[in-house]
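Protein chains in written order, with my numbering: chain A, 341 to 636; chain B, 34 to 286.
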């Protein structure tokens with residue numbers, strides 16, 4: 341078994357060096373395809389992070405009746421907090437509401453008219469931040485049912501629906517494009533490796549004639565394919581690392597509003613995907629290419 | 034290497050079908066081969082080659098010589114009938130036993146089938162390496178067969194530096210290195226001039242004298258006529274003649 345492994349690895353290395361032009365062509369194709377895959381993965385991850393951010397902005401606002409008791413308000417807020425997919429519940433008092441309104445008008449350069457009124461016309465409100473906008477209707481309904489505290493829930497369902505339609509479509513589009521590109525990468529890489537194997541059909545033929553078992557024919561090629569994949573993945577990651585600094589600045593400029601640590605996830609995911617795809621495609625490509633010469 | 038033969042328990046077919054005292058190394062019983070295209074390459078061929086024989090297989094192009102050889106090395110399976118090589122029914126072999134069968138057959142072809150980036154010794158050693166033979170066994174085995182074919186001095190040369198005769202002797206050395214029961218040579222002199230052809234024939238005769246059965250397909254009438262060995266003639270998929278010491282008739286060109 342150890343001799344078999346040594347033989348296979350040795351033959352794989354020999355195969356790589358003695359067909360260096362073909363090997364480098366396959367590696368170059370592998371690098372280009374993995375760069376394409378990694379680049380798209382980064383863009384789609386960024387897109388999804390952006391969509392998550394917009395969705396996290398969805399909140400349910402309920403106006404509180406003037407004169408509702410503090411205990412009941414706390415009770416309603418606790419109940420809302422206990423619901424699934426609710427991120428945070430905050431209370432905005434009448435004074436805070438006016439302050440916000442004033443700040444808002446000031447920012448827009450409009451005259452503040454609230455001073456003219458002898459009383460504060462703005463209601464206090466309960467604001468519920470949602471982790472997932474899908475529960476919007478459910479939370480809104482629950483708040484509406486607390487009639488003694490809640491005067492009215494702002495009807496935002498149509499806006500939420502529109503947002504969800506847009507974000508879901510974009511997510512789907514991102515996934516579909518990523519899937520199509522992954523499929524393209526898969527076939528191009530498999531085909532390139534097939535060409536490299538076909539160029540050595542004679543070697544395989546001789547091995548079969550002298551009585552080599554299928555395993556002795558197959559595994560050196562599979563190891564060679566894995567080697568090409570590994571080399572391609574390492575070159576790809578090196579190129580990405582070189583591009584990381586300028587790229588991350590662009591990403592930061594684009595997505596600086598994002599609250600999450602976007603960068604770290606991408607580095608880990610891209611490394612895993614590039615290494616995994618390279619090795620798997622190299623090995624699989626060789627495996628299926630050699631298979632057509634075996635079993636006879 | 035020869036230890037592997039213990040795995041091939043004598044099957045009922047070799048004992049039962051031929052009552053002859055000599056065991057055939059190759060036996061074809063009513064073998065018919067029809068290709069998927071509908072072309073019948075062999076029709077009800079019967080052929081027995083006892084161990085130690087030297088047999089010429091002659092016939093015009095398309096007579097079925099190559100098909101017969103493909104059946105023997107199990108590159109093709111018979112449509113009907115039985116092909117037995119070294120005591121084994123090739124059609125009944127499991128996939129993983131096919132390589133074992135091929136190690137008992139040494140094959141030599143018109144186009145040599147050598148790897149251009151390997152030296153003479155490496156080409157011969159390759160046959161053992163790819164069957165998992167340990168290195169300490171490989172070296173003496175390669176030296177032995179190279180001395181049999183007379184290529185000890187050229188061991189380190191690449192195929193591009195060799196003459197046609199030397200290339201074919203390398204291929205024969207490779208065929209011999211597994212110590213096969215039978216050497217199957219498909220037009221081994223097809224690419225060689227008459228003098229070199231004779232060299233190759235002499236070498237195959239010597240190997241036969243050392244105890245290996247030889248089956249040689251050829252167009253070379255001079256050789257066949259001069260040697261007075263057993264001649265099996267194929268025409269249009271039928272065995273039309275099978276005689277010892279037969280001459281190569283003009284009609285089989």
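We put the CB at the ideal spot given by N, CA and C, even for glycine.
- Put simply, the CB of residue 150 (chain B) is near chain A, with a gap under 9 Å to one of its CB atoms.
- Interface residue (Cβ-Cβ distance to chain A less than 9 Å): residue 160 (chain B) is classified as such.
- Our two residues, residue 253 (chain B) and residue 219 (chain B), have alpha carbons roughly 12 Å apart in a direct line.
- Per DSSP, residue 494 (chain A) lies in no alpha helix (DSSP H) and is assigned neither H nor E.
- For residue 152 (chain B), the closest of B:64, B:79 and B:193 by C-alpha to C-alpha distance is B:193.
- Beta-bridge annotation (DSSP): residue 268 (chain B) is paired with B:271.
- In this structure, residue 515 (chain A) keeps its C-beta atom at 9 Å or more from the C-beta atom of residue 383 (chain A).
- Exposed is the label assigned to residue 505 (chain A), since fewer than 16 other Cβ atoms lie within 10 Å of its Cβ.
- With fewer than 16 other CB atoms across the displayed protein chains lying within 10 angstroms of its CB, residue 344 (chain A) is exposed.
- Residue contact check for residue 342 (chain A) against chain B: no CB pair falls below 9 Å.
- Between residue 573 (chain A) and residue 387 (chain A) the beta-carbon gap is near 24 Å, outside 8 Å, which marks them as no contact.
- Under the 9 Å criterion on CB atoms, residue 564 (chain A) is classed as non-interfacial with respect to chain B.
- Beyond the five residues adjoining it in sequence on each side, residue 215 (chain B) comes within less than 6 Å, by CB distance, of 58, 138 and 246 in the same chain, given in chain order.
- Looking at the DSSP output, residue 124 (chain B) sits in no beta bridge, so it has no partner there.
- Along the segment 108–185 of chain B, the beta strand (DSSP E) occurs as fully enclosed runs of 3 or more residues at 113–118 and 138–142, listed in sequence order.
- A straight-line Cα-Cα distance of about 16 Å links residue 270 (chain B) and residue 81 (chain B).
- Rounded to whole angstroms, the gap between the alpha carbons of residue 273 (chain B) and residue 349 (chain A) is 51 Å.
- Of the other Cβ atoms in all chains shown, fewer than 16 fall within 10 Å of the Cβ of residue 435 (chain A); this residue is therefore exposed.
- Per DSSP, the continuous alpha helix (DSSP H) segment holding residue 417 (chain A) begins and ends at 410–422.
- In summary, the residues of the segment 177–211 of chain B whose CB is separated from some CB of chain A by less than 9 Å are 207, 208, 210 and 211, in the order they occur in the chain.
- In this structure, residue 479 (chain A) places its C-beta atom within 9 Å of the C-beta atom of residue 426 (chain A).
- Shortest Cα-Cα distance from residue 532 (chain A) to any of A:613, A:544 and A:569 involves A:569.
- Partner residues in a beta bridge of residue 509 (chain A), as assigned by DSSP, do not exist.
- In this structure, residue 116 (chain B) sits near residue 105 (chain B), with a CB-CB distance shorter than 9 Å.
- The three-state secondary structure of residue 404 (chain A), taken from DSSP, is strand.
- For residue 249 (chain B), the beta-bridge partners assigned by DSSP are B:89 and B:218.
- Contacts with chain B (Cβ-Cβ distance below 8 Å) from the segment 540–563 of chain A involve 542, 543, 545, 546, 547, 548, 549, 550, 551, 552, 553, 554, 556 and 557, listed in chain order.
- Neighbours of residue 133 (chain B) in chain A, taken as residues whose beta carbon is under 9 Å from its own, are 551 and 553 in chain order.
- Residues of chain B with a Cβ closer than 9 Å to the Cβ of residue 347 (chain A) are, in chain order, 162, 163 and 165.
- Proximity of the segment 167–187 of chain B to the segment 553–569 of chain A falls short of the contact definition, fewer than three beta-carbon pairs being nearer than 8 Å.
- Rounded to whole angstroms, the Cβ separation of residue 400 (chain A) and residue 489 (chain A) is 14 Å, and the two are not in contact under 8 Å.
- Against residue 534 (chain A), chain B offers no close residue; the least beta-carbon distance is about 21 Å (beta-carbon pairs closer than 9 Å).
- A direct Cα-to-Cα measurement between residue 473 (chain A) and residue 398 (chain A) gives close to 6 Å.
- Nearest to residue 166 (chain B) by alpha-carbon distance, out of A:530, A:364 and A:550, is A:550.
- In this structure, DSSP gives residue 467 (chain A) an extended state, which the three-state scheme calls strand.
- Residues of chain B whose Cβ lies closer than 8 Å to the Cβ of residue 358 (chain A) are, in chain order, 150.
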